[in-house]
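So the structure is just underneath, and the comments pick up after that.
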Amino acid sequence: MSKTALILLYFGFIFFHCEAQSIGQKPQAFESFNVSYIQNLGSCSYTVIISTSCSSTSYTRDQISIAFGDAYGNQIYAPRLDDPSTRTFEQCSSDTFEIYGPCAYQICYVYLYRTGPDGWKPESVKIYGYNSRAVTFYYNTFIPGDIWYGFMYCNSASSSLQLIGQRSFFFVILWFVLYALL
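Quick note on this note's numbering: the sequence shown kicks off at 1300 and runs consecutively.
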């Protein structure tokens, strides 16, 4: 195999395995989400940064809760993040929270809950955890009242195997093309 073909194969492998995955989904309502199933074992710390959109109301008196977790059932819940006396969730601002809960692996879902008369439009929620990479969920929409609203990006085992199969197929095709070029 020529040096050029090996270099192309190497960079193809690096590109395919290191690609950034952008998920363009919009947040969804999750009517059956039940916080009574959440374990409240405060053994790990999470930093959560919530940015409020500049097109949100100037401030909100609404009560804001958050729940997030991993694909293995480790769930973290903070029943009330808002505090009108400290001006949290003002328009064009970012608020940082330290939340304690069970130790989770890669965070793959987040839900926000809002109750109150004002309305609120978060731009994004960024979560840092001990056992996972930082993950950002982009809302940029008003949170409906009295319902859990957010993102579920957790993969099942079957969808993970399907992605592995697609990647393996790609590498076989790439190998044949490079071999044919020699």
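Glycine included, every Cβ here is placed at the ideal spot set by N, Cα and C.
Item: Other residues of its chain near cysteine 1391: CB distance less than 6 Å, five sequence neighbours each side excluded; Value: Cys1353
Item: Close beta carbons around methionine 1451, own chain, < 6 Å, minus the five adjacent residues each side; Value: Tyr1408
Item: Proximity below 8 Å, CB of isoleucine 1426 to CB of aspartate 1369; Value: no
Item: Secondary structure of alanine 1421, DSSP reduced to three states; Value: Correcting the residue type first, residue 1421 is proline in the shown sequence and not alanine. Correct three-state label for proline 1421: strand.
Item: Candidates Gly1372, Leu1411, Gly1400, Ser1342, of which the one nearest phenylalanine 1329 by Cα; Value: Leu1411
Item: Candidates Pro1421, Ser1431, Ile1446, Tyr1429, of which the one nearest tyrosine 1437 by Cα; Value: Pro1421
Item: Rounded separation between serine 1342 and leucine 1380 - CA only; Value: 19 Å
Item: Buried versus exposed call for isoleucine 1322 [16 or more other C-beta atoms within 10 Å across all chains shown]; Value: Note that isoleucine 1322 has pLDDT 47, beneath the 50 cutoff, so the model's placement of it is unreliable and the number below is only indicative. The residue is exposed, with fewer than 16 neighbouring Cβ atoms inside 10 Å.
Item: Environment of tyrosine 1376 [buried if 16+ CB atoms lie within 10 Å]; Value: buried
Item: Rounded separation between threonine 1351 and alanine 1366 - CA only; Value: 17 Å
Item: Classification of tyrosine 1371 by the beta-carbon crowding that lies within 10 angstroms, buried from 16 upward; Value: exposed
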